[in-house]
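For the sequence shown, counting from 1, position 194 maps to 267 in my numbering; every step adds exactly one. All C-beta atoms in this analysis are idealised placements derived from N, C-alpha and C, irrespective of residue type, glycine included. Step one of this worksheet: look at the structure below.
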Amino acid sequence: MSALEIAIRRKLYHRGDAEFEALSGLDFTVPAGQFACVLGPSGCGKTTLLAIVAGLDQAYDGSVRRAAGESRLGMVFQTPRLMPWLNVRENVRLALAPSPSAEGRAEELLREMQLGTLLDAYPRQLSGGQQRRVALARAFVNDPDLLLLDEPFQALDAPTAQHLRELLLALWARRRPTILFVTHDLREALSLGDRVLFLSAGPGRVALDLPLDLPRPRSPDGAAVEALRKRLLESYPDLLRGLAAVSATAESAA
Ligand code: ADP
Ligand code: MG
């Protein structure tokens with residue numbers, strides 16, 4: 074049984090009188106518990122796709138189905154989007170219906186994520202990496218069936234980003250939500266996913282659906298990821314244009 078069935082025929086944006094096609098013929102399904110990475114260059118429609126899957130955008134032609142009974146959704150946006158007037162504990166509790174057990178759950182998760190000493194801190198007092206960790210805690214506190222992540226670790230230094238990826242993988246391994254993880258970083262996708270869906274440059278559609286059977290744990294800089302990255306670069310140079318971590322020397326983000 075698929076956790077997610079996506080069949081987006083067309084997504085148009087209107088710019089004044091002009092129409093702009095952001096997605097076209099974007100179809101795929103995701104089995105329950107899979108860690109699926111969606112990889113594509115900047116502007117190909119990744120954020121648009123997540124907004125549609127989350128139900129935030131309903132102005133599109135096509136359908137998105139989620140498995141019956143699966144109702145809890147977690148989301149991590151491109152920026153942490155914490156409430157500046159709420160402390161860490163309150164920001165995470167925000168995702169839960171108020172109850173005494175909810176309070177305990179939020180604190181337990183925050184401690185597990187090494188945020189126990191920062192429960193009363195405000196977002197402005199946190200580093201970028203800590204803010205992202207809080208955003209991750211907020212997405213997980215509901216015990217989601219489906220987790221949508223939109224380039225959650227971009228613009229962090231490499232060790233912080235890697236630490237957060239390991240934290241995400243540990244949470245996923247334990248609770249096994251279905252994950253749709255969006256990125257434009259080839260190494261990140263290859264180091265995280267059970268599968269990588271390569272989107273074409275806009276309007277986005279699936280250009281390559283690649284199952285990954287590399288053993289875990291993997292490192293984005295490890296030999297297995299590096300060998301696959303090189304092979305993909307030889308086989309699909311056009312597809313990889315515009316992605317980060319494509320060339321070994323020019324690491325600039327798209
Ligand atoms: P990505 O997340 O892959 O970088 P987006 O989904 O943000 O891409 O955007 C896809 C395309 O749609 C881009 O060309 C972007 O400029 C355009 N776009 C996104 N949001 C809007 C909007 N609200 N109105 C008009 N165009 C938009
Ligand atoms: Mg985006």
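Query	Result
Given Phe101 as reference, the closest of Pro310, Leu285 and Leu270 once Cα atoms are compared	Leu270
Close beta carbons around Ala105, own chain, < 7 Å, minus the five adjacent residues each side	Met74, Ala76, Ala140 and Thr251
Short Cβ contact (8 Å threshold) for Leu85 with Leu99	no
Glu261 CB to nearest heavy atom of ligand 2 below 7 Å	no
Residues near Tyr195 by beta carbon distance below 6 Å, same chain, minus five either side	Asn160
Under 8 Å between C-beta atoms of Gln204 and Leu155	yes
For Gly177, the first and last residue of its enclosing alpha helix (DSSP H)	Pro173 to Glu185
Ser264 beta carbon less than 8 Å from that of Pro225	no
Of the listed residues Val126, Tyr133, Ala109 and Trp158, nearest to Glu92 (C-alpha basis)	Tyr133
Ligand 1 heavy atom lying under 7 Å from the CB of Phe271	no
Inter-residue spacing [alpha-carbon to alpha-carbon] between Gly116 and Ala274	7 Å
Boundaries of the alpha helix (DSSP H) in which Gly201 is found, first to last residue	Gly201 to Phe213
Rounded distance between the beta-carbons of Leu316 and Leu112, thought under 8 Å	7 Å
Top-ranked residue by Cα proximity to Cys110, from Pro157, Glu299 and Arg260	Arg260
Proximity of Leu169 and Leu183 at Cβ, strictly below 8 Å	no
Cross-strand partners of Met74 (DSSP beta bridge)	Met74 pairs with nothing; no bridge assigned.
Local Cβ density within 10 Å of Arg88, reported as buried at 16 or more and exposed below that	exposed
Segment contact, 8 Å Cβ cut-off, at least three pairs: the segment 235-252 with the segment 198-216	yes
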